[in-house]
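Under numbering that gives the first Met the number 0, read the sequence shown as residues 0 to 164, first letter to last.
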Amino acid sequence: MMFLTPWTGKQWREKQIRKISDKVFDHFKNDTGRANLTFEDLYIAVLLVFNDINKRLPGPHFDPPSKEEVKSLMRDCDLNLDGELNREEFAKFMQQITADTFITVSQGLIITLAVAPTVALLTKRSTESVPHIGKVVQKIPNAVYASLVTLAIVLFQKAGQAAIE
0 MMFLTPWTGK QWREKQIRKI SDKVFDHFKN DTGRANLTFE DLYIAVLLVF NDINKRLPGP
60 HFDPPSKEEV KSLMRDCDLN LDGELNREEF AKFMQQITAD TFITVSQGLI ITLAVAPTVA
120 LLTKRSTESV PHIGKVVQKI PNAVYASLVT LAIVLFQKAG QAAIE
């Protein structure tokens, strides 16, 4: 399971969220000319981030939090109590608001990568009785067959996700 580390590690998640939060923060800073994000900027930033998450990460569609949830979390992250978030406060805000999203994506990926090879091997055995196809499938090494079926499942999930968008 060593290959899953980049997708599930806490450092990887924090690094990805920091990249996203810095990009979004810089976008608003450049557009508005202000050093900090107001609530209006913050809510638009949240919508942009969740749009990005839904486009780029595997798994289900994630709805952004409501305005009330954003206001509440903004108050919690506004350490200097000025009613706006600076870069560090915004990074902390993003960590908290996206935590559940990344956990769901990681769990879905682990399940897919763990269950798919088992399903592949079970389906390989069931093809033995299918004329012509069964003989071809049986000649494919188990590891290669499991990899192909896993890849097909991941591609199928991505295609289903694209159809929803």
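Positions of the beta carbon are idealized from the N, C-alpha and C atoms, including for glycine.
Distance cut-off 7 Å: residue i Cβ against heavy atoms of the ligand HEM
{"i": "Thr31", "result": "For the structure depicted, the ligand HEM is absent and the ligand set is empty, with no information on it obtainable."}
8 Å CB neighbourhood of residue i in its chain, flanking five on each side removed
{"i": "Lys18", "result": "none"}
{"i": "Ala34", "result": "Lys28 and Asn85"}
Where the alpha helix (DSSP H) through residue i begins and ends
{"i": "Glu67", "result": "Lys66 to Cys76"}
{"i": "Val136", "result": "Ile132 to Lys138"}
Residue i, buried or exposed, once every other Cβ within 10 Å from all chains shown has been counted against 16
{"i": "Leu46", "result": "exposed"}
{"i": "Val118", "result": "exposed"}
{"i": "Ile165", "result": "Residue 165 falls outside the range modelled here, since the chain spans only 0 to 164, and no answer is possible."}
{"i": "Ile16", "result": "buried"}
{"i": "Thr31", "result": "exposed"}
{"i": "Phe155", "result": "exposed"}
{"i": "Ser128", "result": "exposed"}
{"i": "Lys14", "result": "exposed"}
{"i": "Val48", "result": "buried"}
Identity of the residues DSSP links to residue i by a beta bridge
{"i": "Leu84", "result": "Leu36"}
Beta-carbon gap between residue i and residue j smaller than 8 Å
{"i": "Val69", "j": "Tyr42", "result": "yes"}
{"i": "Val148", "j": "Thr122", "result": "yes"}
{"i": "Asn50", "j": "His60", "result": "no"}
{"i": "Glu83", "j": "Leu36", "result": "yes"}
{"i": "Leu72", "j": "Glu88", "result": "no"}
Own chain partners of residue i with C-beta closer than 6 Å, once the 5 adjacent residues on each side are dropped
{"i": "Lys91", "result": "Cys76"}
{"i": "Gln94", "result": "Ile16"}
{"i": "Gly133", "result": "Thr126 and Glu127"}
Own chain residues within Cβ distance below 7 Å of residue i, not counting five before or after
{"i": "Ala44", "result": "Val23, Phe27 and Leu36"}
{"i": "Gln10", "result": "none"}
{"i": "Leu80", "result": "none"}
{"i": "Ala145", "result": "Pro116, Ala119 and Leu120"}
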